Amino acid sequence: MSYHFNEIEAKWQKYWADNQTFKAENNSDKPKYYVLDMFPYPSGAGLHVGHPLGYIASDIYARYKRHKGFNVLHPQGYDSFGLPAEQYAIQTGQHPAITTQTNIKTYRRQLDQIGFSFDWSREVRTSSPEYYKWTQWIFIQLFNSWFNKNTDQAEAISTLVHVFETKGNSEVNAVCDDDIILFSSEDWIGFSSEEQQDLLLKYRLTYLAETEVNWCPVLGTVLANDEIVNGVSERGGHPVIRKKMTQWSMRISAYAERLLQGLETIDCAESLKETQRNWIGKSVGASVTFNVNAHDEVIDVFTTRPDTIYGVSFMTLAPEHNLVSKITTPEQKADVEAYIEATAKRSERDRMADVKTISGVFTGAYAEHPFTKEPIPVWIGDYVLAGYGTGAVMSVPCGDQRDYDFAKHFNIDIPNIFEGVDISEEAYGAKENVKIANSDFLNGMTYKKATKRAIYELEQMGQGEGKTNYRLRDAVFSRQRYWGEPFPVYYVNGKPQMIAQEHLPIQLPEVEKYLPTETGEPPLGRADVWAWDTETNAIVSNDKINHTSVFPLELNTMPGWAGSSWYFFRYMEEVANREGDFASEDALNYWENVDLYIGGSEHATGHLLYSRFWVKFMKDRGFIAVDEPFKKLINQGMILGTSAFVYREEGTNNYLSKGLITDKHIHPIHVNVKYINTSDELDIEGLKNDKEFGKDFKNAEFILENGVYKVGREVEKMSKSKFNVVNPDNICEQYGADSLRLYEMFLGPLEQAKPWKTAGITGVHGFLKKLWKLYVDNDGLKVNDAAPSKDNLKTLHKTIKKVEDDIENFSFNTSVSTFMIAVNEFIAQKCTSKDILEPLLILLSPYAPHVTEELWEQLGYTQSISTATFPKFEDKHLVESSKNYPISFNGKMRFTLELPLDMPKDEIEKTVMAHEKTIAQLDGRTPKKVIVVPGKIINIVG
RNA sequence: GCUGAAGUGGUGGAAUUGGUAGACACGUUGGACUUAAAAUCCAAUGUCCAUUAGGACGUACGGGUUCAAGUCCCGUCUUCAGUACCA
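With our numbering applied, the first sequence covers 2 to 943.
Dropping the structure here:
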């Protein structure tokens, strides 16, 4: 009986599905463990071999944890709202729901054939109304919340209203808009309802405001900062421009400090924490107020170096700064306006690409130094960004290179305020190892002391205070797209109103086209039935809008990250109980948060930051009990493709085999890797008969070497255009899912990028065949009750130890080698003992679940191997009585010598020195020193 | 520029505390079986010198610490990833 992997794998995949083998229980005596995968977007292209890498790793861990006695939750679902399905809908008119449905089917089939232990009963889809009902619900909760800085958490908006009613807003310490006016309780009570709503909107955690957004004209929507890469859209690479629009925003900036602090509690790679820290961009310093001479205006700046305040020799405002027009003198007006116009024309991308050119214009105005009272010229320059800090800086050319370059370029004075530092060539930016000079009361102080003192003095004068700034901006939450969650919002006189929870979900309306309207409104503007009737609490036809009881609904939809910011909580609840809440309190308390999340590093900024934000908010409002979504995070490395090339001789139709290339007159051409065998040889007939590209090679002459055509190989990113995509379907068909799983792990460390080479899979496939033959031969099962030998036990227990350590350390590649070594040893030992071969199956089952289930059954078990207990490591089987000592001379190993482990040091030395090989090595010399480390090594020096 | 990670055979990679560098595979070469191929099995395989015995060199490069360094320290180079006028 040989190893028929196709039959075996189909059999057990059906068994697991039929028996719901991996269904998680919400009531269990076992400790819980929650393993989560990257939320897949079901794209039309399906999976390639790079995608399942993380899923295989997490599946191994989940299966291992079950063997270790844990109640494991390992769910899967789909992040099924998104741009590609909608772009396809625009092109073809097909409803994105249909495209999505089809793609999900393909994904499910592909995932199933790899043998994952997912609990599919808990599947979620972000685009299904029963799910997005709760995404809408969370949005409403955010709308109904504000952030109290005194308690450092979100609170219900009703508590804020109460304060307004009793005390006004003077004592409120909230994260809110900048343009807040002071009002008393009497004022508040006197305000109209609309005025009150306007004011509250400035405090809510999600708010409607006119903001500068990243508008992508080709996609017809705004994009978040993390959806833009190098100035163009992440999806499609389309240009992005700045535009002012009224949008929903999320006050994520309120959580900047907690998002930063929370990183300490997450177990993940330092690089990922660093990326998050960069994104949050905390800087500690001071805000300083400069009075403007001859104007009743002030310029507020943020600086991280208040200690260098005596080094200020000019100020720079962003060209967009709203004071510019007020303070510019008539003489400078023309220059300033020309500069502003020129800056506005330059795209964000130009400004980014060109950091070398120094430009700026003097406004003619002067500010007053808070201490010296000297006049300081005020300039504008595009190196100052309107969006960061206050959009204005105090320029200290001796301490900041950009200020220095600007001053040199425009011949501005560069006063030196550092003791004994030469600033004739460049600015001195370091904080340490220097004392402040020429700075009155700061003279002789170090950075730390001077900073403190400067802030103190500024505060005394009322011209500044200590301040912490964050780069993290509030997140724009509106998208002008069709295929996303609709907002549960309607408008009364232009003021947003929330639809009550009991009427959710607000379902996406039908539209006849998925494009923006002719008047530039989002696609939902095309819906005929998209108005809210406040009397019947139903969505009704637009022609019923009367602005007294029937109102227009919001036309934007939510961004992709809305649904993916909380899905991990939905999995905690069983489908039968999902009706009344996003998840029951019992389920939330039982599963807490994700113990292990494995995903790609592309989610290290956006998705992770947003979901951490929502989780913190939900914790504040008491909906959940945890402060972070993930306890441990691993980013798997990308699997790269190995492209194949044929070489066409220039001007001919001849293709030279790789070894025949002599000169440079050849063109390398990508060919599909499916026509390449394990020895880099081309299947010429296959290529010529290719449905898509065969005709390009119909008349080609392939010049062979040694009877075959050898292709060139090169490692590149796996992509359709490079013809190096390998489909897991083909691998499963040819070698089986167990081989695929083992091979993906065998390729190398999980977190490292590594190239895929299908040829190598024969190694792990051969291993599985050998394994099979260890259990089964032509006459059937070989395993018997023979007592295990000492060697058998030694091999088994060293394997148990190594595999267990490896899994705990996520070093899956090394345990595959360990299995190979174990099987090789058992074959050499002619092991047939059940006591050995049974535990070996359990060890291997997380990696190769199908073949181990099959052999487990053949051993006579009727329950799935996944219910078996992980074998226990026993040290006693590894205890040795002797050691094969390496004997080194001056650190170089020359020969080995078997000696008893209990031999004392001096005896070892005597034996080694008397050995004939030692005498030969020394060749008459007397050693200076002999190092003996019992159980390790012997080193003879001299 | 800054931050982070990493440089080991022809290839993917091992070496978990400083203690036999190259485990385990792929590929290559030779052999067995076969009419032949596939599959399977056996052997060799870091480089160089040597018929063998054996020797020299060897973990990006240059130094250092140590009886002993891929591993620790100092300096340099290269690659990849992230980020970029953040005051």
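Ideal Cβ placement from N, Cα and C applies to all residues, glycine included.
On a predicted model such as this, the values are computed, not experimentally measured, just so you know.
Classified as buried, T136 has 16 or more neighbouring CB atoms from the shown chains inside 10 Å of its CB. Note on I843: 16 or more other CB atoms within 10 angstroms of its CB, so buried under the neighbour-count rule. Under DSSP, Y492 shares a beta bridge with P497. Nearest neighbour of Q77 by Cα position, chosen from L112, V716, I941 and G45, turns out to be L112.
The continuous beta strand (DSSP E) containing V302 extends over residues V299 to T304. Under DSSP, M251 takes part in a beta bridge, and its partners are T207 and A476.
If you ignore the 5 residues before and after I941, its C-beta comes within less than 6 Å of the C-beta of F890, P928 and V931, all in its own chain and listed in chain order. Separation of I99 and P53 (C-alpha to C-alpha, rounded to the nearest whole angstrom) is 25 Å. Note that the C-beta distance between P510 and W533 is not below 9 Å. Burial of H851 is indicated by the presence of at least 16 other C-beta atoms within 10 angstroms of its C-beta. Taking C-beta separations shorter than 7 Å and ignoring five residues to either side along the sequence, the partners of L705 in its chain run S658, following chain order. Runs of the alpha helix (DSSP H) spanning 4 or more residues and lying entirely within the stretch 741-790 occur at 762-776, in chain order. DSSP, read as helix, strand or coil, puts R579 in coil. Per the coordinates, the alpha-carbon of S550 lies some 11 Å from the alpha-carbon of A539. Within a 10 Å sphere around the beta-carbon of P398 sit 16 or more other beta-carbons, which makes this residue buried.
Here the stretch 580-600 does not lie against the stretch 258-267, with fewer than 3 beta-carbon pairs under 8 Å apart. Distances from the CA of K689 to each of E682, I670 and Y676 were compared; the closest alpha carbon is that of Y676. In this structure G467 touches A287 by the C-beta definition: roughly 5 Å separates them, less than 8 Å.
Between T344 and the set R243, E651, A25 and Y62, the nearest pair of CA atoms involves R243.
Under the three-state reduction of DSSP output, F442 falls in the helix class. Looking only at Y35, I635 and F419, the smallest Cα-Cα distance to K274 is reached by I635. DSSP, read as helix, strand or coil, puts T364 in strand. Contact between the stretch 12-21 and the stretch 107-123 is present: three or more C-beta pairs spanning the two stretches fall below 8 Å. A contact is defined here as three or more CB-CB pairs under 8 Å, and the stretch 639-650 fails this definition with respect to the stretch 609-625. In the structure shown, the three-state DSSP call for K245 is strand. Note: F419 is bridge-paired with I437 in the DSSP secondary-structure output. Scanning its chain for C-beta atoms nearer than 7 Å, with the 5 sequence neighbours on each side dropped, one finds around V913 the residues I888, L898, T919 and I939, in chain order. Boundaries of the alpha helix (DSSP H) around E917: E917 to L923. In the structure shown, the three-state DSSP call for W592 is helix. With respect to the C-alpha of Q95, the residue from G708, Y515, E586 and S122 having the closest C-alpha is Y515.
As DSSP reads the structure, W147 sits in a beta bridge with E156 and R205.
Every beta strand (DSSP E) stretch that sits fully inside the stretch 63-142 and reaches 3 residues is listed by chain position as 72-74. If you ignore the 5 residues before and after F6, its C-beta comes within less than 6 Å of the C-beta of G737, all in its own chain and listed in chain order. F144 is a Cβ neighbour of M499, given a cutoff of 9 Å.
Straight through space, the alpha carbons of V394 and T304 are spaced by roughly 7 Å. Sorting E458, L48, F768 and S122 by C-alpha distance to the C-alpha of N104 places L48 at the top.
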